[in-house]
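Residue numbers (my numbering): 30 to 372. Don't be surprised by glycine CBs; every beta carbon is placed ideally from N, CA and C. For reference, the structure discussed in these notes is given below.
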Amino acid sequence: MANKPIIGITMGDPAGIGPEIVVKALSNKEIYKKVNPLVIGSKNIIEKAIEITKIKMDIIEIKEDEMNTWREKDFYFGKLYILDLNNIRGDIPFGKISAEAGKAAFEYIKKSIELAMEGLIDGVATAPINKEAIRAAGINFIGHTEIFAELTKSEDVLTMFQVDKLRIFFLTRHVSLIKACSMVTMNNIYKTLIACDKALKNLGLINATIAVAALNPHGGERGLFGTEEEREIIPAIKKAREEGIRVEGPVPADSVFYWARLGCYDAVLSLYHDQGHIAAKTLDFERTVSVTTGLPFIRTSVDHGTAFDIAGKGIASSVSMEEAIKVAGEYAKFFTSPSLRFD
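What follows is the structure in C-alpha cells.
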C-alpha cells in the first residue's frame with residue numbers, strides 16, 4: 030500500500046463552484062505530498078472546469094474494479110485521478126437549481142460512502158451541494174451530514190469545525206434560535222459531551238479538555254441573566270466529569286473561543302449554530318473546515334455553499350477545499366489503524 034491515504038473528493042453540485050474549486054485545489058502540489066486525491070464525479074464536468082480555470086492537468090480515469098490495484102500506487106502531481114460516474118448527459122447550466130445536478134451530487138456522495146465502507150478509500154472530502162437541488166431530485170435529506178449518517182447507519186454523528194488550533198462542536202445547528210435554546214437541556218448536553226469525548230479520542234486526542242460555551246451573557250451571572258447555566262449546563266458538566274470526561278465551563282461565549290485557540294482547551298461545545306460559526310469564520314473564513322465525526326471513516330467538507338452567483342467564472346477560491354483535503358488526510362490514519370479506534 031502507498032504510504033499516503035487515498036482521499037475521495039466528491040465533486041459537489043455540477044451547477045455550482047464545486048468542480049472548479051476541486052480542480053484548483055488539485056493544482057496545489059502540497060496536496061499530493063499529503064494524500065492521494067481521487068475525484069468522484071463526472072469526467073465531462075471536470076473537463077469543463079479545467080477549461081474554465083485554465084489549469085493544465087492530465088485526467089487519469091480509474092475504474093472501480095481497479096481500486097485495489099491503485100491502493101499500491103502513488104498519485105502524481107499534474108494529473109487528476111477520477112472515478113467517473115458518467116451520470117451527467119450534456120451541459121448543466123451554472124447557477125441554476127437542477128434536479129439532474131442534485132441527483133448527480135447525491136450519487137457522488139453515495140459512491141464515496143460505498144468506497145470508504147469497503148476500505149477502498151481512507152476518507153472523504155466533499156465539495157458543496159445545494160439543498161434545493163437535492164430536494165428537487167426527490168432525495169429526502171437536508172444535507173451532507175444527514176446523508177452520511179443515514180447511509181453508514183451511524184447514530185452519534187457530530188459536526189466539528191476546525192480552523193488553526195480551534196475545534197468547535199455543536200449542540201444544535203440547523204434550527205431556529207428559539208428552538209436551539211429550548212434544546213439546551215442537561216440530558217442533551219451530557220450526551221453530546223460523551224459523543225465529543227469519543228470523537229476527539231478517535232481523532233487522536235486522548236486526554237482532551239472540552240469547554241462548554243455559556244448560553245447567556247457572562248455565563249448567566251448565577252441566574253441574573255438567565256437560569257440555563259445553573260439549571261441545565263452545570264449539572265450536565267458535573268455528570269460528564271463523573272464519567273471521567275475532562276470538561277470545563279460554562280465559559281462565557283465572548284472569550285471561550287479565544288482561550289481555545291490559545292490552547293487552553295482542545296475543543297469547545299457551542300450551543301447553537303451561529304455561536305460557533307461566527308467564531309470560526311471570523312478567525313479565518315477560508316480555512317475553516319467542517320469535520321463529520323462519529324462515522325466509520327473521516328469526512329471533511331468546505332464550509333461554504335455552491336456560490337451559484339460566481340459559478341463557472343473561475344474566480345472561486347479553493348483554499349477551503351484544499352484545507353478540507355489536508356485535514357482528511359491528517360485524520361485518516363486514526364481510522365485505518367484499528368488499534369487507535371475508541372469504539
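Reducing DSSP to helix, strand and coil, say where residue i ends up.
i: Phe190; result: strand
i: Asn65; result: strand
i: Pro367; result: Model confidence at Pro367 stands at a pLDDT of 38, short of 50, so the residue's coordinates are unreliable; what they give is reported in the following sentence. The answer is helix: DSSP assigns Pro367 an H, G or I state.
i: Asp372; result: Because Asp372 carries a pLDDT of 41, less than 50, the predicted location of this residue cannot be relied on, and the following value inherits that uncertainty. Three-state DSSP puts Asp372 in coil, outside helix and strand.
i: Gly70; result: strand
i: Ile126; result: coil
i: Arg290; result: helix
i: Asp94; result: helix
i: Val318; result: strand
i: Ala154; result: strand
i: Thr82; result: helix
i: Arg328; result: strand
i: Val23; result: Only positions 30 to 372 of the chain appear in the structure, and residue 23 is not among them; the question remains open.
i: Lys58; result: helix
i: Tyr301; result: coil
i: Val356; result: helix
i: Gly252; result: strand
i: Met30; result: Residue confidence for Met30 is low, a pLDDT of 45 falling below 50, so the modelled location carries little weight; the figure read from the coordinates is stated next. It is coil, neither helix nor strand.
i: Lys310; result: helix
i: Tyr110; result: strand
i: Ile88; result: strand
i: Asp42; result: coil
i: Ala134; result: helix
i: Ala296; result: strand
i: Lys227; result: helix
The beta strand (DSSP E) spanning residue i covers which residue range?
i: Thr174; result: Premise fails: Thr174 lies in the alpha helix (DSSP H), His173 to Thr181, not in any beta strand (DSSP E).
i: Ile199; result: Sequence inspection shows Phe at residue 199; the Ile mentioned does not correspond to that position. Run containing Phe199: Leu195 to Phe199, per the beta strand (DSSP E) assignment.
i: Gly37; result: Ile35 to Thr39
i: Ile239; result: Thr238 to Ala242
Since I believe residue j is in contact with residue i (beta carbons under 8 Å), could you give me their beta-carbon distance rounded to a whole number of angstroms?
i: Pro264; j: Met212; result: The Cβ separation is near 16 Å, so there is no contact.
i: Ala282; j: Ala242; result: 4 Å
i: Leu244; j: Cys210; result: 7 Å
i: Asp87; j: Ile158; result: With a Cβ gap of about 27 Å, Asp87 and Ile158 do not count as contacting.
i: Ala133; j: Asn116; result: 5 Å
i: Ile35; j: Ala357; result: That pair is no contact at about 10 Å.
Give the straight-line distance between the Cα atoms of residue i and residue j, rounded to the nearest whole angstrom.
i: Glu147; j: Phe326; result: 11 Å
i: Gly45; j: Gly341; result: 7 Å
i: Gly286; j: Ile262; result: Checking the sequence, you will find Phe at residue 286 rather than Gly. If you take the alpha carbons of Phe286 and Ile262, they lie about 18 Å apart.
i: Lys58; j: Ala130; result: 30 Å
i: Pro66; j: Glu259; result: 48 Å
i: His203; j: Lys63; result: 33 Å
i: Trp99; j: Glu49; result: 25 Å
i: Ala128; j: Lys160; result: 11 Å
i: Leu298; j: Glu272; result: 17 Å
i: Ile81; j: Gly343; result: 6 Å
Suppose the cutoff is 7 Å on Cβ atoms and the five residues either side in sequence are ignored; what does the same chain contact list for residue i look like?
i: Asn217; result: Leu200
i: Glu352; result: Arg316 and Val318
i: Leu324; result: Phe177, Thr181, Ser183 and Val186
i: Asn236; result: Arg275
i: Leu229; result: Ala237, Asp295 and Ala296
i: Glu90; result: Lys72, Ile111 and Asp113
i: Val348; result: Glu315 and Arg316
Starting from the C-beta of residue i, find all residues in its chain whose C-beta is less than 8 Å away, skip the five residues before and the five after it, and write them out in chain order.
i: Phe170; result: Phe135, Ile163, Ile176 and Glu179
i: Arg370; result: Residue confidence is low: Arg370 scores 41 on pLDDT, short of 50, so the model does not pin down where it sits. No coordinate-derived value is stated.
i: Ala240; result: Val276, Glu277, Gly278, Val280, Val285, Trp288, Ala289, Cys293, Tyr294, Ala296, Val297 and Leu298
At what residues does the alpha helix (DSSP H) containing residue i begin and finish?
i: Arg275; result: Per DSSP, Arg275 belongs to no alpha helix (DSSP H); it is in the beta strand (DSSP E), Arg275 to Val280.
i: Ile163; result: Lys160 to Ala165
i: Lys268; result: Ile263 to Glu271
Please work out which residues of its chain come closer than 6 Å, Cβ to Cβ, to residue i, disregarding the five sequence neighbours upstream and downstream, and give them in chain order.
i: His306; result: none
i: Gly70; result: Met40 and Tyr137
i: Leu124; result: The amino acid occupying residue 124 in the given sequence is Gly; Leu does not appear at that position. Only Phe337 and Ala340 meet the Cβ criterion.
Is residue i near the ligand ZN, going by C-beta to nearest heavy atom under 8 Å?
i: Gly273; result: As for the ligand ZN, it is missing from this structure, which has no ligand bound.
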